[in-house]
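Which chain is which? The protein sequence lines are F and B, in order. Read left to right, the first sequence gives residues 1 to 194 (the working numbering). Read left to right, the second sequence gives residues 195 to 626 (the working numbering). Let me begin by presenting the structure, written as structure tokens, before commenting on it.
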Amino acid sequence: MQPENMNNMPDTSRRDFLKKTMRGAALLGLGTIAGVATIRTGADDFVWQIDPGKCTQCGQCATHCVLTPSAVKCVHSHSVCGYCNLCGGYHQPDAVSLDTAAENQLCPTGAIKRRFIEDEFYEYTVDEQLCIGCSKCVKGCAAFGNGSLYLQVRHDVCVNCNECAIARACPSDAFVRVPVKKPYLFKHDRIKKA
Amino acid sequence: MRKGRIVILLLSAVLITACTVSAESRFPHPEFESGYGPPRTTAPAPRLQMCELLDVLVLAGVIGLTCYMAFGTRSRRGILLTSVFSIMYFGFYREGCVCSVGSVQNVAAALFNRDYILPVAVMYIFAIPLLTALFFGRVFCAAVCPLGALQDVVILSPRKVPRWLSSLLQLIPVVYLGLAVLLAATGARFIICQFDPFVSFFRFGGSLGILLTGAAFLIAGTVIARPYCRFVCPYGLILGWLSRVCKYHTTITPDECIKCRLCENSCPFDAIRPPEKGVTGEERSPGIRRLTILLLLLPLFVAAGGGIGARLHGQIALLHPTVSLARQVWLENSGAGTDTTIASRTFRESGIPDKMLFDTAEELRGRFLTGSRLLGAFVGMVICGRLIYHSVSRRREGYTQDEGLCFVCGRCYKSCPVDGARRREEKNEQSA
Numbered sequence: 001m002q003p004e005n006m007n008n009m010p011d012t013s014r015r016d017f018l019k020k021t022m023r024g025a026a027l028l029g030l031g032t033i034a035g036v037a038t039i040r041t042g043a044d045d046f047v048w049q050i051d052p053g054k055c056t057q058c059g060q061c062a063t064h065c066v067l068t069p070s071a072v073k074c075v076h077s078h079s080v081c082g083y084c085n086l087c088g089g090y091h092q093p094d095a096v097s098l099d100t101a102a103e104n105q106l107c108p109t110g111a112i113k114r115r116f117i118e119d120e121f122y123e124y125t126v127d128e129q130l131c132i133g134c135s136k137c138v139k140g141c142a143a144f145g146n147g148s149l150y151l152q153v154r155h156d157v158c159v160n161c162n163e164c165a166i167a168r169a170c171p172s173d174a175f176v177r178v179p180v181k182k183p184y185l186f187k188h189d190r191i192k193k194a
Numbered sequence: 195m196r197k198g199r200i201v202i203l204l205l206s207a208v209l210i211t212a213c214t215v216s217a218e219s220r221f222p223h224p225e226f227e228s229g230y231g232p233p234r235t236t237a238p239a240p241r242l243q244m245c246e247l248l249d250v251l252v253l254a255g256v257i258g259l260t261c262y263m264a265f266g267t268r269s270r271r272g273i274l275l276t277s278v279f280s281i282m283y284f285g286f287y288r289e290g291c292v293c294s295v296g297s298v299q300n301v302a303a304a305l306f307n308r309d310y311i312l313p314v315a316v317m318y319i320f321a322i323p324l325l326t327a328l329f330f331g332r333v334f335c336a337a338v339c340p341l342g343a344l345q346d347v348v349i350l351s352p353r354k355v356p357r358w359l360s361s362l363l364q365l366i367p368v369v370y371l372g373l374a375v376l377l378a379a380t381g382a383r384f385i386i387c388q389f390d391p392f393v394s395f396f397r398f399g400g401s402l403g404i405l406l407t408g409a410a411f412l413i414a415g416t417v418i419a420r421p422y423c424r425f426v427c428p429y430g431l432i433l434g435w436l437s438r439v440c441k442y443h444t445t446i447t448p449d450e451c452i453k454c455r456l457c458e459n460s461c462p463f464d465a466i467r468p469p470e471k472g473v474t475g476e477e478r479s480p481g482i483r484r485l486t487i488l489l490l491l492l493p494l495f496v497a498a499g500g501g502i503g504a505r506l507h508g509q510i511a512l513l514h515p516t517v518s519l520a521r522q523v524w525l526e527n528s529g530a531g532t533d534t535t536i537a538s539r540t541f542r543e544s545g546i547p548d549k550m551l552f553d554t555a556e557e558l559r560g561r562f563l564t565g566s567r568l569l570g571a572f573v574g575m576v577i578c579g580r581l582i583y584h585s586v587s588r589r590r591e592g593y594t595q596d597e598g599l600c601f602v603c604g605r606c607y608k609s610c611p612v613d614g615a616r617r618r619e620e621k622n623e624q625s626a
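Written out as structure tokens, the structure is:
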């Protein structure tokens, strides 16, 4: 039985008081976390991208992406390319002849298309529908060519996981978070700056 | 995220850039006479940033809508329809990422990692459901969380889980939350994302392991309602705590409970508690004694937990890629004949001295020691806290929910005859 309250103030049981205190403490805690986190907050959202300078062409981009085929594809910076007849990224090291025969191609899906331009120069373009991001051409181009073929995350395919599964597996820490306004790390941009 | 590898990164960046620069000048770019112009490298844009803020607005809107369904119209059907919308939007359209459950890791990473900036939208995704829980209970779990909604719609014939088993299984979220925060804060990995069982369905793809786990959860979910929500979800743990102290919680009866007992078995999550007389007078003394003992034991639990955490810090630290790489390299160096991994081969090719790797790993292990101690202390504190909570006898006036466990799904409304009377009254008023 509760005694009548003389001051016409609402009765607060011990449980209610504890509840109100805990609620206040929780609000305070949440506010503190939010406040501290705000200092470390930026307006820009982030997407994943490969730093071509760090990539060691291990081939895990093709296998570790949560999507099939992988959201990582080979891109070609034509301004860096040497347009060579013997292309380190297109032809196998033991190619019988320097032509478009499948047995001479390095790419397992035939995603690189070779086109004659003039003289001794050939244009190489990547068909992204076929590319699986296995990095074989990247390795060849880096070893025997100018390094104009390299892997990049393609954002029309990438679902932008909170933690990229490929990033977790990358042995050279080549996966970085880049601002959504500048989602690519192209080599021709870097060279322009340099 | 790889805070400890900054020095390694700098060195490797210098070395590899040097190699790349020399490679780029191997064959000069040709000067074309036929007027040929190289094609531009395409740069397909990612999803607009605006859309991320739209997601936040949709989240706030749907939570508001669910509150209205739960408190205002008290409509189970409304909550169900909202869940279906959430599965479609947050699940299949947004592919379940970024979700509030995982956002805990992002916040932890932002708080403790120098090189991670938290996007503002993620902060809102983290905070909005928590704030709502503080005032209205676990409305987020009801119809907004795509993982919860997915489990909710597959409930067919829920069985009661024995209380002792339920209490035991409810320790999993405690350890999961602590571990997730620790690993995110040290930049090791996001385990909640790695072991999210339902994202593989939303994405229509994933490893066989995670697809099977998701299927197992859903199949189990037909007979054990919401298994992930009740026994795994780390975010749900925080929501449960906040919900226990919430300002307005939805009630089974819209008015007064007449103790007809018809709602007793209506909750698939076993969250309804019967009325309790409470313990008064002389019978209180054994309870007071028990409570005092538990309160005195609390520091012991915390210390014991911290000790166990310290013991396990080595194993936990191995979950960090740098630490596990250091161990791999050390094993290979010791001539034990271990196979090399891609990571160790890449490390050796980078030319970074082993000592640098070992020093970074040691520094990380030190951080993990502190972190594991805190993790253990946290688990010990929660265990003792739960024992204290359950040892307090409370007076319950009528049939009410355990506010920490109630998912505000609205299934109990239908079984309450007082609510039925209210609905008939409203229908008569409408037709009159």
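Just so it is clear, CB atoms sit at the ideal spot from N, CA and C, and this is done for glycine as well. The structure presented is a predicted model; accordingly, all values stated were derived computationally and were not measured.
Shown here is that no member of the region 250-279 of chain B has a Cβ falling below 7 Å from a Cβ of chain F. If only uninterrupted alpha helix (DSSP H) runs of at least 4 residues are considered, those enclosed by the region 6-89 of chain F are 14-39 and 60-64. When the five nearest sequence neighbours on each side are left out, the beta carbons in the same chain lying within less than 7 Å of the beta carbon of K354 (chain B) are those of D464, in order along the chain. As the crow flies, the alpha-carbon of V153 (chain F) is around 14 Å from that of K187 (chain F). Note that the C-beta distance between F279 (chain B) and Q364 (chain B) is not below 8 Å. For R467 (chain B), DSSP records a beta bridge to B:T594.
Within 10 angstroms of the beta-carbon of T109 (chain F) lie fewer than 16 other beta-carbons, which makes it exposed. By the criterion of a C-beta distance shorter than 7 Å, N85 (chain F) is surrounded in its chain by L98, E120 and Y122, once the five residues flanking it on both sides are discounted. Going by C-alpha positions, G255 (chain B) is about 14 Å away from L275 (chain B).
With distances taken between CA atoms, W524 (chain B) lies nearest to B:M550 out of B:C427, B:K453, B:G331 and B:M550. Rounded to whole angstroms, the separation of the alpha carbons of P52 (chain F) and V96 (chain F) is 30 Å. In this structure, A174 (chain F) and I50 (chain F) form a Cβ contact; the two beta carbons are roughly 5 Å apart against a cut-off of 8 Å. With contacts defined by Cβ atoms closer than 8 Å, S269 (chain B) and A337 (chain B) do not form a contacting pair. Nearest to S394 (chain B) by alpha-carbon distance, out of B:K471, B:E225, B:G285 and B:G614, is B:G285. Apart from sequence neighbours up to five positions away, no residue of its chain approaches N162 (chain F) with a beta-carbon distance below 6 Å. Beyond the five residues adjoining it in sequence on each side, V576 (chain B) comes within less than 7 Å, by CB distance, of V368 in the same chain, given in chain order.
Taking the CA atoms as reference points, S437 (chain B) sits about 19 Å from S297 (chain B). Chain order gives the chain F residues near L324 (chain B) as A26 and L30, where near means a beta carbon separation below 9 Å. By the Cβ criterion, the region 370-384 of chain B is not in contact with the region 314-331 of chain B, since fewer than three pairs of Cβ atoms, one from each stretch, lie closer than 8 Å. Note that the region 601-610 of chain B touches the region 454-461 of chain B; at least 3 beta-carbon pairs, one per stretch, sit closer than 8 Å. Each residue's CA atom was taken as its position, placing R590 (chain B) and P468 (chain B) some 7 Å apart. Close to chain B, meaning a Cβ-Cβ distance shorter than 8 Å, are the following residues of the region 70-99 of chain F: V75, H76, S77, H78, S79, V80, C81, G82, Y83 and C84. Here V573 (chain B) has V368, V369, G372 and G499 as same chain residues with Cβ atoms under 7 Å from its own Cβ, once five neighbours each way along the sequence are excluded.
Secondary structure note for K113 (chain F): its beta strand (DSSP E) is the uninterrupted segment I112 to E118. The criterion of a C-beta distance shorter than 8 Å is satisfied by E526 (chain B) and S538 (chain B).
Annotation for V301 (chain B): the continuous alpha helix (DSSP H) segment containing it runs S294 to F306. Contact annotation for V314 (chain B) against chain F: T41, G42 and A43 [CB-CB distance below 8 Å, chain order].
Not one beta carbon of chain B lies nearer than 8 Å to the beta carbon of R14 (chain F). Residue burial is scored here from C-beta neighbours: I510 (chain B) has at least 16 other C-beta atoms within 10 angstroms and is therefore classed as buried. Ranked by Cα distance from G592 (chain B), the first of B:T447, B:P233, B:Q388 and B:C427 is B:T447.
For A304 (chain B), the closest of B:F398, B:F265, B:L247 and B:F384 by C-alpha to C-alpha distance is B:F384.
With fewer than 16 neighbouring CB atoms inside 10 Å of its own CB, P238 (chain B) falls in the exposed class.
Listed along chain B, the residues sitting closer than 7 Å to D156 (chain F) by beta-carbon distance are P238.
Each residue's CA atom was taken as its position, placing A71 (chain F) and T41 (chain F) some 27 Å apart. Taking all protein chains in view, the Cβ of G145 (chain F) is crowded by 16 or more other Cβ atoms within 10 Å, so the residue is classified as buried. Within the region 552-585 of chain B, no residue has a Cβ lying closer than 8 Å to any Cβ of chain F.
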